[in-house]
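Under our numbering, the first residue of the sequence shown carries the number 847, and numbering increases by one thereafter. Beta carbons are placed, not taken as given, at the ideal position from N, Cα and C, and that holds for glycine. Keep in mind the model is a prediction, meaning the values are calculated, not measured. Note sheet for the following structure.
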Amino acid sequence: STGINAEYGNEFGERLMTSKRKNEELLKKQISKLSTDNTSFHKEIDVMHSAMSDLHKRYDRAREIINQMRMREDELEEKIRGYLADLNTSEENIKALKEECESKLEAANSKIEMTSVEYEKEKVMMEAQIKRLELESKSWHSKFLDKESSERELILICDSLMGVKQQEGAAMDDS
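Printed below as a string of structure tokens:
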């Protein structure tokens, strides 16, 4: 029975050893697979870290660009507000100048109208004065012609009287 036990013990030992070797080989394969998976996993993690780092860099760059754009937008909005204020001031100045020009234009037109009315009045008065002077001149001319005619008649009368007196004087000298 010792022989059976020894044989059974050997066979059991061999089976145990075979089973142990199989388990070791299986464990080695699993460890190798786990080691490969672990290496692959680490590579994937490194790739993910790299991708996350790139993504973080791109995010930081995008955030920086967005902040720059916001600052530029704020600057532009401030400039626009300034331009609008300048435009409003210019429009107010133009409106004031327009009102002043219109006021001066109305005053000038009023003055022109008054001057035109005064000119027309003066023209009518001058024409009336010219007419009166023409009438006076005609009257004086007529009086001059009348006097000239009267003078001629007087000269003729005087000449006739002198002619008669000379004839009487000659007749008296003859006698």
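Backbone CA spacing between residue i and residue j [nearest angstrom]
i: Glu890; j: Leu862; result: 40 angstroms
i: Lys875; j: Glu860; result: 22 angstroms
i: Asp1005; j: Glu997; result: 12 angstroms
i: Ala908; j: Arg916; result: 12 angstroms
i: Glu948; j: Leu922; result: 38 angstroms
i: Met960; j: Glu946; result: 21 angstroms
i: Arg978; j: Met971; result: 10 angstroms
i: Glu994; j: Lys967; result: 40 angstroms
i: Leu991; j: Glu982; result: 14 angstroms
i: Lys866; j: Phe858; result: 12 angstroms
i: Glu964; j: Glu952; result: 18 angstroms
i: Arg927; j: Ala897; result: 44 angstroms
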